[in-house]
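Below is one structure, written out as structure tokens, with a few remarks after it.
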Amino acid sequence: MARRKIIAGNWKMNMTPTEAVALCETLKPLVVNDDVDVVFCVPAIDIVPVAKAVEGTNIAVGAENFYIEDKGAYTGEISAPMLLDAGVKYVIIGHSERREYFGEDDAFLNAKVKKAFASGLTPILCCGESKELRERNAYKDWINLQIKADLDGITAEQVASMVIAYEPIWAIGTGLTATSDQAQEVCAMIRNTIAEMYDTDTAEKVRIQYGGSMNAGNAAELLAKPDIDGGLIGGAALKPDFGKIVNYNK
Ligand code: PEP
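Written out as structure tokens, the structure reads:
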């Protein structure tokens with residue numbers, strides 16, 4: 001069974017609520033593609049207005065972050081029940097910016113993956129290597145360690161329903177895209193790791209995205225690769241170009 005492509009925008013810390021609604025209005029007619037799942041992962045303060053702006057469209061709303069408790073004294077945090085009540089379906093977990101700037105380690109990310117599933121949110125779990133790990137050819141071991149740690153205790157059925165994003169850190173926001181062969185190599189390796197940890201059926205079902213300077217010019221080549229099931233897109237998700245990425249096959 002062919003896996004359905006999933007193209008998700010990661011807006012990061014961009015767009016005021018007013019700007020977010022305007023961007024939705026610009027993108028709505030451009031991101032229609034029946035073959036593709038489309039997700040806008042937006043800043044917490046934009047979730048409610050974006051959910052309203054995309055109501056009745058093919059666009060699902062995602063969060064960029066959440067905390068593992070349902071409520072209480074966690075000043076500044078946002079919980080899974082809050083996200084669900086606002087209409088959120090997906091949540092990004094383990095983005096390299098959160099690992100690096102906010103000290104989120106694999107044990108915490110594993111707790112987040114568990115909490116997302118327990119709550120009914122679909123994780124988009126990010127993994128990927130630094131330039132230094134790539135240069136000393138240690139990237140495969142690194143990514144496998146991330147995947148194994150982050151999915152510890154997660155069931156086959158859960159993994160089959162989630163999204164994994166391979167995002168080489170050296171390609172994020174740098175304009176340096178992994179070649180389609182480099183991206184394919186790692187996405188296939190991740191699928192093999194899932195087959196080893198679980199079974200081939202689970203590995204065939206899990207959707208694996210590539211992320212890192214994906215744009216309207218390189219999306220079609222990347223998305224033509226057999227193990228690349230979509231994209232997680234930063235910079236280009238804030239422009240009309242996002243519509244061209246979603247319609248890479250038209
Ligand atoms: C990202 O932050 O997930 C990302 C892939 O960013 P960019 O597309 O800007 O490289």
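Going left to right, the sequence shown walks through residues 1 to 250 as this note's numbering numbers them. Every residue, glycine too, gets a C-beta built ideally from N, C-alpha and C. Please read these numbers as outputs of a predicted model, since none were measured by experiment.
>> Any heavy atom of ligand 1 closer than 7 Å to the beta-carbon of Ala236?
In response: yes
> Exposed or buried, which one is Arg4 when buried takes at least 16 other CB atoms within 10 Å?
Replying inline: exposed
> According to DSSP, is Ile68 helix, strand or coil?
Replying inline: coil
> To which residues of the same chain is Asn144 closer than 7 Å at the C-beta, ignoring the five residues directly before and after it?
Replying inline: Thr193
> Per DSSP, what kind of secondary structure is Ile124 in: helix, strand or coil?
Replying inline: strand
> Name the DSSP beta bridge partners of Phe117, please?
Replying inline: Looking at the DSSP assignment, Phe117 forms no beta bridge with any residue, so it has no partner.
> Do Glu185 and ligand 1 come close, with the Cβ less than 7 Å from some heavy atom?
Replying inline: no
>> Considering only the alpha carbon of each residue, which of Asp152, Asp181, Glu185 and Gly211 lies closest to Gly175?
In response: Gly211
> In or out: Thr202 buried (at least 16 other Cβ within 10 Å) or exposed?
Replying inline: buried
>> DSSP three-state label for Leu151, please.
In response: coil
>> Need the endpoints of the alpha helix (DSSP H) that Asp211 sits in, please.
In response: For the sequence presented, residue 211 should be read as Gly rather than Asp. Element bounds for Gly211: not the alpha helix (DSSP H) but the beta strand (DSSP E), Arg207 to Gly211.
> Going by the CB atoms, is the gap between Ala51 and Ala86 shorter than 8 Å?
Replying inline: yes
>> In this structure, how does DSSP classify Gly9 when only helix, strand and coil are distinguished?
In response: strand
> Going along the chain, which residues of its own chain have a beta-carbon closer than 7 Å to the beta-carbon of Asp106, five neighbours each way excluded?
Replying inline: Gln146, Ala149 and Asp150
> For the beta strand (DSSP E) that Lys239 lies in, which residues bound it at each end?
Replying inline: That residue, Lys239, is in no beta strand (DSSP E); it is neither H nor E in DSSP.
>> Could you check whether the Cβ of Met214 sits closer than 7 Å to any heavy atom belonging to ligand 1?
In response: yes
>> If contacts are defined as beta-carbon pairs under 8 Å, then Ala183 and Lys131 qualify, I think. What distance do you get, rounded to the angstrom?
In response: 15 Å between Cβ atoms; not a contact.
> Is DSSP giving Asp85 helix, strand or coil here?
Replying inline: helix
>> On the DSSP bridge list, what partners appear for Leu232?
In response: Ala8 and Gly211
> Can at least three beta-carbon pairs, one atom from the stretch 65-81 and one from the stretch 110-130, be found at a separation below 8 Å?
Replying inline: yes
>> Ignoring anything shorter than 3 residues, give me the beta strand (DSSP E) runs that lie fully in the stretch 20-83, in order along the chain.
In response: 36-42 and 59-63
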